[in-house]
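Read the structure below first, then the notes.
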Amino acid sequence: MGREHKISLFADDILIYLTNPNITFPKLLSLLETFGSLSGYKLNILKTQILTFNYKPNQEIKSKVNLNWESEWMKYLGVNITKDLSKLYNANFNPLCYKFRLHS
11 MGREHKISLF
21 ADDILIYLTN
31 PNITFPKLLS
41 LLETFGSLSG
51 YKLNILKTQI
61 LTFNYKPNQE
71 IKSKVNLNWE
81 SEWMKYLGVN
91 ITKDLSKLYN
101 ANFNPLCYKF
111 RLHS
């Protein structure tokens, strides 16, 4: 079998799962840059979020991409994704219950 690639895509939002980020992240950036030059689209760094699990980026990667590498959570399509998966339920269910109570 070939390689497995994990991507979630909806409209202009994309969620990409990487393994071996020290190798794959620079390749991803290069691929996105090529895509941008061919399509006219580009990555909006101001809206870009990174959530790492069991990974600390090396200084070379940190210096190439000015992003918050220490984030504990991110939002994707209205869902709060937490680094600590035991907090995932409360990060989503509690705010939803609060909204329902406000509008009931």
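Whatever position you read off the sequence shown (first residue = 1), add 10 for my numbering. Glycine residues also receive a C-beta, built at the ideal position from the N, C-alpha and C atoms.
Reducing DSSP to helix, strand and coil, say where residue 62 ends up. In the structure shown, residue 62 sits in coil (DSSP, three-state: anything other than H, G, I, E or B).
What ranges does the alpha helix (DSSP H) occupy inside the stretch 40 to 99, keeping only unbroken runs of at least 4 residues that lie completely in it? 69 to 74
Grab the span of the beta strand (DSSP E) containing residue 25 for me, first residue to last. Unbroken beta strand (DSSP E) run through residue 25: 23 to 27.
Spell out a yes or no on whether the stretch 82 to 96 and the stretch 43 to 62 are touching, meaning 3 or more CB-CB pairs, one atom from each, closer than 8 Å. yes
Do you know whose CA, among 89, 16, 109, lies nearest residue 38's CA? Restricting attention to 89, 16, 109, the CA atom closest to the CA of residue 38 is found in 16.
Top-ranked residue by Cα proximity to residue 35, from 91, 94, 66, 109: 66
If you draw a straight line from the alpha carbon of residue 70 to that of residue 33, how long is it in whole angstroms? 11 Å
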